[in-house]
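Start counting the sequence shown at 102; every next residue gets the next number (our numbering).
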Amino acid sequence: MTEEAGVTMRTDHPVPPIVAVKPLPVPTTARDPGLSVKVTAPASGDRLPVIVFSHGNAWSMDGYEPLVDRWAAAGFVVVQPSHLDSRRHGIGFDDPRFGSIWRVRIADLHAVLDHLDEIMDRARTAGLHATVDHDRIAAVGHSWGGQTVGALLGARVLDAAGTPGEDFSRPAVRAGALLAATGTGDSLTPFAVEHLPFMRPDYSTMAAPALVVAGDRDQSAMSTRGPDWFTDAYHLSPAPKSLLTIADGQHTLGGVAGERVAETTDEDPARVALVADAVAGYLRDALKLDGTAWAALGERAATGDGGYRVAQR
Numbered sequence: 102m103t104e105e106a107g108v109t110m111r112t113d114h115p116v117p118p119i120v121a122v123k124p125l126p127v128p129t130t131a132r133d134p135g136l137s138v139k140v141t142a143p144a145s146g147d148r149l150p151v152i153v154f155s156h157g158n159a160w161s162m163d164g165y166e167p168l169v170d171r172w173a174a175a176g177f178v179v180v181q182p183s184h185l186d187s188r189r190h191g192i193g194f195d196d197p198r199f200g201s202i203w204r205v206r207i208a209d210l211h212a213v214l215d216h217l218d219e220i221m222d223r224a225r226t227a228g229l230h231a232t233v234d235h236d237r238i239a240a241v242g243h244s245w246g247g248q249t250v251g252a253l254l255g256a257r258v259l260d261a262a263g264t265p266g267e268d269f270s271r272p273a274v275r276a277g278a279l280l281a282a283t284g285t286g287d288s289l290t291p292f293a294v295e296h297l298p299f300m301r302p303d304y305s306t307m308a309a310p311a312l313v314v315a316g317d318r319d320q321s322a323m324s325t326r327g328p329d330w331f332t333d334a335y336h337l338s339p340a341p342k343s344l345l346t347i348a349d350g351q352h353t354l355g356g357v358a359g360e361r362v363a364e365t366t367d368e369d370p371a372r373v374a375l376v377a378d379a380v381a382g383y384l385r386d387a388l389k390l391d392g393t394a395w396a397a398l399g400e401r402a403a404t405g406d407g408g409y410r411v412a413q414r
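Here it is in structure tokens:
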């Protein structure tokens, strides 16, 4: 691995080498501090598919390398914003901005899409020479990021009376993947009701193709339900949808945010690789690039040792 001028060259992945460029400022409104992103991609390539990634609570553009690097190695340009809830910003529940952070998160992803060409121009000046395919854009999110991405795919947020809120969908986002994403709000704990009232997604309008990834041992402190809570995005949204259930997977699905991070309770690099490769395979299929890897994963699920299950509708 070599570093120069804000560029990290990763040589531990298949050719072509991967380039990571950060921080790249992105114009946005009503946001203090401002929005910055990291771009990770093959060093070169024309009309590459794009993944816009939304991190989980308190994380930043600097997390999730085990996923992002494998996606870049699979030929994706990955753009990672640092949302306002990143722990580096120090915004707690008592901060007046916290109640609207869920909206700012969605606005961050819209800003990335609005300024994608500008982001790539800046990345190219730092050594990344890939170009993107605007007809092949996907969004992926983990945990709170899963709910954020769901909004771009068509999901809405219910208010206390059960009325759906604004439509934040983005037709340019052709497909997505929701990893350990928030379930519906009918079983929220008192803490979640008080501090996270926006954790009430309505998936009935999430029409875009999506892969939902859930661990079958993921017990959320925010819901009184069991791990099935994290499958709501699959069961309650219109087809086409796919569900990847990870045996013994907990909330970080083996450690997707990084190696040896404190939040990981089920450290398993092989599990992380499975999640990364499944998302890449699914998105390559959904974006009509190549369905071979996704089909093979489904076949292995049907004949394998039960380490994961795949359902589709």
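Don't be surprised by glycine CBs; every beta carbon is placed ideally from N, CA and C.
Could you say which of the options lies nearest to residue i if we only look at CA atoms?
{"i": "M162", "options": "D319, K123, P150, L217", "result": "K123"}
{"i": "A348", "options": "H296, L388, G405, V180", "result": "G405"}
{"i": "A322", "options": "L345, A240, A281", "result": "A281"}
{"i": "M307", "options": "T129, H352, V274, D317", "result": "V274"}
{"i": "G263", "options": "A231, S305, G277, T290", "result": "S305"}
{"i": "A278", "options": "V151, L125, P118, V120", "result": "V151"}
{"i": "S324", "options": "R301, Y335, L229", "result": "R301"}
{"i": "D287", "options": "K389, P118, R326, V213", "result": "R326"}
{"i": "A256", "options": "G246, P328, F269, S183", "result": "F269"}
{"i": "V313", "options": "E360, A374, G251", "result": "G251"}
{"i": "H184", "options": "D209, E166, R225", "result": "D209"}
{"i": "F178", "options": "L149, P126, G408, V205", "result": "Note that residue 178 is Val in the sequence shown here, rather than Phe. If we check each option's Cα against that of V178, L149 comes out closest."}
{"i": "A396", "options": "V380, L229, A293", "result": "V380"}
{"i": "Y335", "options": "A412, E368, L259", "result": "A412"}
{"i": "D317", "options": "Q351, T129, L289, P341", "result": "Q351"}
Go ahead and pull the three-state DSSP assignment for residue i.
{"i": "Y383", "result": "helix"}
{"i": "P143", "result": "strand"}
{"i": "T264", "result": "coil"}
{"i": "D367", "result": "coil"}
{"i": "M110", "result": "Residue confidence is low: M110 scores 37 on pLDDT, short of 50, so the model does not pin down where it sits. Its coordinate-derived value is still stated next. It is a strand residue."}
{"i": "Y335", "result": "helix"}
{"i": "G399", "result": "helix"}
{"i": "R372", "result": "helix"}
{"i": "L305", "result": "Note that residue 305 is Ser in the sequence shown here, rather than Leu. Correct three-state label for S305: helix."}
{"i": "G277", "result": "strand"}
{"i": "P150", "result": "strand"}
{"i": "L259", "result": "strand"}
{"i": "L136", "result": "strand"}
How far does the beta strand (DSSP E) with residue i in it extend, from its first residue to its last?
{"i": "G284", "result": "Taken as a continuous stretch (DSSP letters only), G284 belongs to no beta strand (DSSP E), as it is neither H nor E."}
{"i": "Q413", "result": "409-413"}
{"i": "H230", "result": "230-243"}
What residue range is occupied by the uninterrupted alpha helix (DSSP H) comprising residue i?
{"i": "A121", "result": "Not the alpha helix (DSSP H): A121 falls in the beta strand (DSSP E), residues 119-127."}
{"i": "L312", "result": "Element bounds for L312: not the alpha helix (DSSP H) but the beta strand (DSSP E), 311-316."}
{"i": "R223", "result": "217-226"}
{"i": "F292", "result": "291-296"}
Counting only beta-carbon separations shorter than 7 Å, does residue i have a partner in chain B?
{"i": "D268", "result": "This model lacks chain B altogether, as it is built from one protein chain only."}
Length-filtered (4 minimum) alpha helix (DSSP H) runs lying within the region 339-365 = none
Of all the beta strand (DSSP E) runs that stay within the bounds of the region 164-208, which reach a length of 3 or more residues?
-> 178-182
Taking contact to mean at least 3 C-beta pairs separated by less than 8 Å, is the region 175-190 in contact with the region 144-161?
-> yes
Taking contact to mean at least 3 C-beta pairs separated by less than 8 Å, is the region 135-143 in contact with the region 330-345?
-> no
At least 3 beta-carbon pairs within less than 8 Å: the region 237-245 vs the region 379-390 = yes
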